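Shown next, in structure tokens, is the structure this report addresses.
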Amino acid sequence: MAKEQEENGNGSSSLLVELPLREAAEGFELEKAICSHGLFMLAPNHWDPISRSFSRPLRLTSPPLTVTVRISQPPTSSSSTLYLRVYGASSLSPPHRHSLLNQVSRMLRLSESEENKVREFRSIVEALHGEEEATEYLRSFSGRVFRSPTLFEDMVKCIILCNCQAPPTFYRFSRTLSMAKALCELQFEIQHQISSSKAAEDDFIPKTPAGKESKRKLRVSKVSMRLESKFTESKVDNSVSDLQLSQEPLDFVGMGSFPSPEELANLDESFLAKRCNLGYRASRILKLAQGVVQGNIQLTQPEEDCKETSFSSYDKLSQRLRQIDGFGPFTCANVLMCMGFYHVIPADSETIRHLKQVHSKSCTVQTVGRDVELIYAKYAPFQFLAYWAEMWHFYGQRFGKLSELPVSDYKFITASNMKNKKIATRKRSKTSAEE
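Residue numbers (numbering that gives the first Met the number 0): 0 to 434.
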């Protein structure tokens, strides 16, 4: 059970909840569990490379309560507990505590089924490579791929990751970062009812290029909202106390949690597209949110179904996802990866670049699916984990340790900057020797 400790130092209202790692305690490292996928860089997530802690707002349920949570791991090799510092609450009801632990466990993949997958993957890697130095990155990879606290957030983020000329890695990643941040800023204003009758476009549109979006004119909603950069200049809903807001990490001032289906469902499409620079994605996000609110898209049942990650359950869930507007093969494969299916590798232009550069494969859009199957088949049913460990390793070689980058540098991590001949040459030499 989680242990709660209330602390009222300096008059602040916060709470410490201890989360036992149990089966996951052996070898668990918070840094590796968090900084394992580009999703950890998207708002409202915030990794602090100095304190090695992770913060973000979370929506607790029954009744609704939004708090900011900072997750840290005691700096001892034998640590079997995570510390969850909850800001904005002096106590948690049993339903709130349950909601908190469930969401943190989902992000870090701390369930029994996920732990079993981690161990199985590590066993396969050890059996294939043993102490082989060239594949050290496979053994050091945690086997956990960071995800969002809810399936809805994962689905929306897979939409904004797609077609930025990018997979969920980093080609034009600045655009994805910008859209995620704008959605969270919009949620803050919806929650606190900040409005302005006159809003200049520069105040709320992310300044990243729109790329090859539809050129149709977007109708600006009559009701516009201004993204305020300073909370002190804004008027907030009276239900939120000054004390609660003042103790939140400064990184979240002016930024809310990720918007819920209910908050998005009633927005005007053209307003949302313009407001968050979403382009055609606004329609897809709205239809998803509306489907969830209306009960046409069920998210709880798929989460239950994916506990049995069999090929048949994958096919069933994939067919269900493909019925949602905007969910093509690549987006569906990414969502299902977030749900715990690792036997399918979402492949697109970034995968092609990686195979050409690292494996010297002259693959194309038509052949990339076959190529990844051939290269990573020996890791079945965890082909994606092997592929991603390799991909993440080479990104780290090119840009430095990703968990140590300042937030301001995230936007510079692009696939175009991955075209490093030295990396390709080293891997090409190794591949030739093996053949």
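Ideal placement from N, C-alpha and C gives every residue a C-beta, glycine not left out. As the structure is a computational prediction, the values presented were derived from the model and not from experiment.
| Item | Value |
| --- | --- |
| For residue 395, which residues in the same chain have their Cβ closer than 6 angstroms to its Cβ, ignoring the five residues on either side in sequence? | 401 |
| With DSSP as the reference, label residue 170 as helix, strand or coil. | Legend: pLDDT at residue 170 = 47, less than 50; position of this residue unreliable, value from coordinates given subsequently. Coil at residue 170, not helix or strand. |
| Out of 70, 57, 128, 390, which has the shortest C-alpha to C-alpha gap to residue 98? | 57 |
| Grab me the residues of residue 53's own chain with a C-beta within less than 6 angstroms of its C-beta, minus the 5 sequence neighbours each way, in chain order. | 33, 46, 70 |
| Less than 8 angstroms between the C-beta atoms of residue 149 and residue 159, yes or no? | no |
| Between residue 267 and residue 154, what straight-line distance do the alpha-carbon atoms span, to the nearest angstrom? | 20 angstroms |
| Should the segment 368-387 be called in touch with the segment 397-411, which here means at least 3 C-beta pairs below 8 angstroms? | no |
| Residue 104 to residue 339, Cα distance in whole Å? | 13 angstroms |
| Per DSSP, residue 67 is paired with what? | 56, 86 |
| Roughly how many whole angstroms lie between the Cα atoms of residue 152 and residue 27? | 25 angstroms |
| Do residue 187 and residue 106 have their C-beta atoms closer together than 8 angstroms? | no |
| Measuring only between beta-carbons, confirm whether residue 396 sits less than 8 angstroms from chain D. | Within the model displayed, chain D is absent; a lone protein chain is all it includes. |
| Please check the pair residue 156 and residue 41, which I expect to be a contact at CB under 8 angstroms, by giving their CB distance rounded to whole angstroms. | 6 angstroms |
| Relative to the C-alpha of residue 303, which candidate in 366, 335, 85, 289 has its C-alpha closest? | 335 |
| According to DSSP, is residue 14 part of a helix, a strand, or is it coil? | strand |
| Give me the DSSP bridge partner(s) of residue 47. | 52 |
| Which residues mark the beginning and the end of the alpha helix (DSSP H) in which residue 299 is found? | 299-304 |
| Please determine, among 374, 341, 333, 65, the residue with the shortest C-alpha to C-alpha distance to residue 353. | 374 |
| Kindly confirm or deny that the segment 78-94 and the segment 11-20 touch, where touching means at least three C-beta pairs closer than 8 angstroms. | yes |
| Would you identify the three-state DSSP class for residue 416, choosing helix, strand or coil? | helix |
| Per DSSP, residue 80 forms a beta bridge with which residues? | 19 |
| With a CB to CB cut of under 6 angstroms and the five nearest residues on each side skipped, what residues in its chain are close to residue 399? | none |
| Starting from the Cα of residue 50, find the closest Cα among 74, 344, 378, 44 and give me that residue. | 74 |
| In whole angstroms, what separates the C-alpha of residue 296 from that of residue 284? | 13 angstroms |
| Whose C-alpha, out of 108, 88, 24, 136, is nearest the C-alpha of residue 72? | 24 |
| Would residue 356 pass as a contact of residue 418 if the rule is Cβ separation under 8 angstroms? | yes |
| On the CB-based measure, 16 or more other CB atoms within 10 Å of its CB, does residue 232 come out buried or exposed? | Residue placement at residue 232 is flagged as unreliable, the pLDDT there being 30, under the threshold of 50; the coordinate-derived value follows with that caveat. Counting Cβ neighbours within 10 Å, residue 232 comes out exposed, since fewer than 16 surround it. |
| What does a CB cutoff of less than 7 angstroms around residue 437 pick up in its chain, not counting 5 residues either side in sequence? | Nothing can be reported for residue 437: it is not among the residues displayed for the chain, which extend from 0 to 434. |
| Go through its chain and collect everything with a Cβ distance to residue 95's Cβ below 7 angstroms, but skip five positions before and after it. | 59, 64 |
| Just to confirm my understanding: we take residue 127, look at its own chain, exclude 5 residues before and 5 after, and list those with CB closer than 7 angstroms. What are they? | 377 |
| Helix, strand or coil: how does DSSP classify residue 409 here? | helix |
| When DSSP labels each residue in this structure, what does residue 328 get in the three-state scheme? | helix |
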